[in-house]
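**Student:** Below is one structure. I have some questions about it.
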């Protein structure tokens, strides 16, 4: 509904209620004898005049941008404005009922009555102004809140883009180091690694603009990554997947599992002379998806397990899911470290 339409509906309805209330008060205190054609005409004239003068007051308010003023500046202006409008409105009403459209059976003009009527109209106009400015203050605060939310969203999106853009160079740096170590010792494996890394980079570029990907898409790229790493580690790295089929379409942040697996290899398998095993598991639990990446080894108390990748993943989880998502890396047994990622389902 247009603002102008809503305004006129409120104007007509509000002043009509006021006129009916005035007629009702006349009936209560004067009985049926007080309800005459002239008194009804009087109430009609008063109602039309108050609608007209309140509208003129609104026009003046809008022209001078009073709705944008702070309360400290607005209140003195509003008090003076209400007094002036009430005086002018009542003067015009008296001009109509005593000279231009004279009515019978009404009290003779007196200054005492005139001042009393001005006071009554002042109260009514003050009530009208209070409602009018209350509506605009609510609307202004609502717009301000919306603008704040839009700004917060824009900042979060910008921050998320920065975090995602940091992931690609970080991963590429590690992968290129692996390839460099094999170029001279095993060129065939190096070429195979280049093939796998091209698939990983294609995935990273393809989904860089996406906030989320399906678990199935992420698992597929993690398999490529593990094949890439298994070439370097030979028989020292083994891995397995226990993925709940019903969880494959659930959306998660891109490169999330890959980062957990990379972290497990860097801080677990690579530190063990005999190598190790990595297990990737997904489990649906009530209102969330739990993803676990388990590897052989133990976290040391002073170990700094969170590198650039994991720190970025934690920040992305906060932006996308707030406090409903969590990431924990802990010793789950005497010889196992588990990175557990909790993703809300809605």
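Residue numbers (this note's numbering): 1 to 346. All C-beta atoms in this analysis are idealised placements derived from N, C-alpha and C, irrespective of residue type, glycine included.
Mind checking which residues open and close the alpha helix (DSSP H) that includes residue 344?
**Tutor:** The residue given as residue 344 occupies position 344 in the chain shown. Not the alpha helix (DSSP H): residue 344 falls in the beta strand (DSSP E), residues 336-344.
**Student:** List the whole-angstrom C-beta distance separating residue 341 from residue 279, where the pair is believed to meet the contact cut-off of C-beta under 8 Å.
**Tutor:** Sequence index remark: in the chain shown, residue 341 carries index 341 (1-based). Sequence index remark: in the chain shown, residue 279 carries index 279 (1-based). At roughly 14 Å, the Cβ-Cβ gap does not stay under 8 Å, so residue 341 and residue 279 are not in contact.
**Student:** Does the Cβ of residue 81 have 16 or more other Cβ atoms within 10 Å, making it buried, or fewer, making it exposed?
**Tutor:** Counting from one through the chain shown, the residue named residue 81 turns up at place 81. Buried, because 16 or more other Cβ atoms sit within 10 Å of the Cβ of residue 81.
**Student:** Within a Cβ cutoff of 6 Å, which residues of the same chain sit near residue 125, ignoring the five residues on either side of it in sequence?
**Tutor:** The residue given as residue 125 occupies position 125 in the chain shown. Closer than 6 Å at Cβ, skipping near neighbours: 82, 85, 86.
**Student:** Helix, strand or coil: which one does DSSP assign to residue 109?
**Tutor:** The sequence position of residue 109 within the chain shown is 109, counting from 1. DSSP places residue 109 in coil when its eight states are reduced to three.
**Student:** Go ahead and pull the three-state DSSP assignment for residue 242.
**Tutor:** As a position in the chain shown, residue 242 is number 242, starting the count at 1. Three-state DSSP puts residue 242 in a strand.
**Student:** Report yes if the CB atom of residue 251 is closer than 8 Å to the CB atom of residue 214, and no otherwise.
**Tutor:** The count along the chain shown starts at 1 and reaches residue 251 at position 251. The count along the chain shown starts at 1 and reaches residue 214 at position 214. Yes.
**Student:** Where does residue 297 sit, in a helix, a strand or coil, going by DSSP?
**Tutor:** As a first step, residue 297 must be located in the chain shown, where it is residue number 297. Note: residue 297 maps to coil in three-state DSSP.
**Student:** Closest to residue 268 by C-alpha separation, out of 49, 5, 339, 72, would be which residue?
**Tutor:** The sequence position of residue 268 within the chain shown is 268, counting from 1. Closest by alpha carbon: 339.
**Student:** Nearest to residue 177 by alpha carbon, out of 224, 266, 103, 246?
**Tutor:** The residue given as residue 177 occupies position 177 in the chain shown. It is 266 whose Cα lies nearest to the Cα of residue 177.
**Student:** Does DSSP put residue 177 in a helix, a strand or coil?
**Tutor:** Sequence index remark: in the chain shown, residue 177 carries index 177 (1-based). Residue state, collapsed to three classes: helix.
**Student:** Express the C-alpha separation of residue 145 and residue 180 in angstroms, rounding to a whole number.
**Tutor:** For the purposes of this step, residue 180 is identified with residue 180 of the chain shown, where counting begins at 1. For the purposes of this step, residue 145 is identified with residue 145 of the chain shown, where counting begins at 1. Going from the Cα of residue 180 to the Cα of residue 145 covers about 53 Å.
**Student:** So for residue 31, helix, strand or coil by DSSP?
**Tutor:** Within the chain shown, residue 31 is the residue found at index 31, counting from 1. Looking at residue 31 - three-state DSSP - the assignment turns out to be coil, as it is neither helix nor strand.
**Student:** Please report how far the alpha carbon of residue 239 lies from the alpha carbon of residue 223, in whole angstroms.
**Tutor:** Your numbering for residue 239 matches position 239 in the chain shown. Your numbering for residue 223 matches position 223 in the chain shown. Approximately 9 Å between the Cα atoms of the pair.
**Student:** Mind checking which residues open and close the beta strand (DSSP E) that includes residue 329?
**Tutor:** Counting from 1 along the chain shown, the entry for residue 329 is found at position 329. Here the beta strand (DSSP E) through residue 329 covers 326-333.
**Student:** How would you label residue 167, buried or exposed, when you count the other beta carbons within 10 angstroms and need 16 or more for buried?
**Tutor:** Here the question's residue 167 lines up with position 167 in the chain shown. Residue confidence for residue 167 is low, a pLDDT of 47 falling below 50, so the modelled location carries little weight; the figure read from the coordinates is stated next. Residue 167 should be labelled buried.
**Student:** Using a threshold of 8 Å, state whether the C-beta atoms of residue 327 and residue 319 are closer than that.
**Tutor:** Here the question's residue 327 lines up with position 327 in the chain shown. Here the question's residue 319 lines up with position 319 in the chain shown. No, the Cβ-Cβ distance between residue 327 and residue 319 is not below 8 Å.
**Student:** DSSP three-state label for residue 15, please.
**Tutor:** Along the chain shown, one-based indexing puts residue 15 at 15. Correct three-state label for residue 15: helix.
**Student:** Could you check what DSSP says for residue 282 in three-state terms: helix, strand or coil?
**Tutor:** Here residue 282 is taken as the residue at index 282 of the chain shown, counted from 1. Residue state, collapsed to three classes: strand.
**Student:** Which first and last residues belong to the alpha helix (DSSP H) in which residue 263 is found?
**Tutor:** Locating residue 263 in the chain shown gives position 263, where the first residue counts as 1. Note, residue 263: alpha helix (DSSP H), 256-267.
**Student:** Can you find at least 3 beta carbon pairs, one from the stretch 10-29 and one from the stretch 46-53, that sit closer than 8 Å?
**Tutor:** Judged by Cβ distances under 8 Å, the stretch 10-29 makes contact with the stretch 46-53, as three or more pairs qualify.
**Student:** Could you work out which residue in 241, 229, 39 is closest to residue 291 when comparing CA atoms only?
**Tutor:** Taking the chain shown and counting its residues from 1, the one referred to as residue 291 is at position 291. Ranking 241, 229, 39 by Cα distance to residue 291 puts 241 first.
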